[in-house]
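Peer 1:
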Amino acid sequence: MQQIYQMILGLALLALGIPIGNLLAKATKEELKSGKKYFKILIILSLIGALAFLILGNDILLFSLLFITIVTSRSLKK
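For the sequence shown, the positions run 1370 to 1447 when this note's numbering is used.
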């Protein structure tokens, strides 16, 4: 039962990445233009790392890397 609560909490925190990414995109428009290439690299590396930690079973790093991926990708959408 505790694992279910941890998973729900983790998913809720991941969902917070969407508004945080939108907020960062609005606040840092100038930096996004010059660093777009690096943001794309960060997204790819975060997804690869998240996949690796999914296989290894390390939930903390998995959710951390997924949060980074969500925030960064939402920042690039704006």
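Cβ coordinates follow ideal geometry from the N, Cα and C atoms, glycine included.
1. Relative to the alpha-carbon of Met1376, which residue among Ile1429, Ser1442, Lys1395 and Phe1422 has its alpha-carbon at the smallest distance?
2. At the level of alpha carbons, what is the spacing between Leu1383 and Leu1431?
3. Could you give the distance in angstroms between the alpha-carbon of Asn1427 and the alpha-carbon of Lys1406?
4. Can you give me the C-alpha to C-alpha distance between Thr1397 and Thr1441, rounded to a whole angstrom?
5. Within its chain, find whatever has a CB closer than 6 Å to the CB of Gly1418; leave out the 5 residues flanking it on each side and keep chain order.
Peer 2: According to the structure shown:
1. One-based indexing of the sequence shown puts residue 1376 at position 7. When only C-alpha atoms are compared, the closest one is Ile1429.
2. Start at 1 with the first residue of the sequence shown, and residue 1383 comes out as number 14. Start at 1 with the first residue of the sequence shown, and residue 1431 comes out as number 62. Near 11 Å, if we compare the C-alpha coordinates of Leu1431 and Leu1383.
3. Within the sequence shown, numbered from 1, the residue matching residue 1427 stands at position 58. Within the sequence shown, numbered from 1, the residue matching residue 1406 stands at position 37. Looking at the two C-alpha atoms, the distance is approximately 28 Å.
4. Translated into positions along the sequence shown, residue 1397 becomes position 28. Translated into positions along the sequence shown, residue 1441 becomes position 72. The straight-line gap from Cα to Cα measures roughly 12 Å.
5. The sequence position of residue 1418 within the sequence shown is 49, counting from 1. Once the five neighbours on either side are set aside, the close Cβ partners of Gly1418 are Leu1434.
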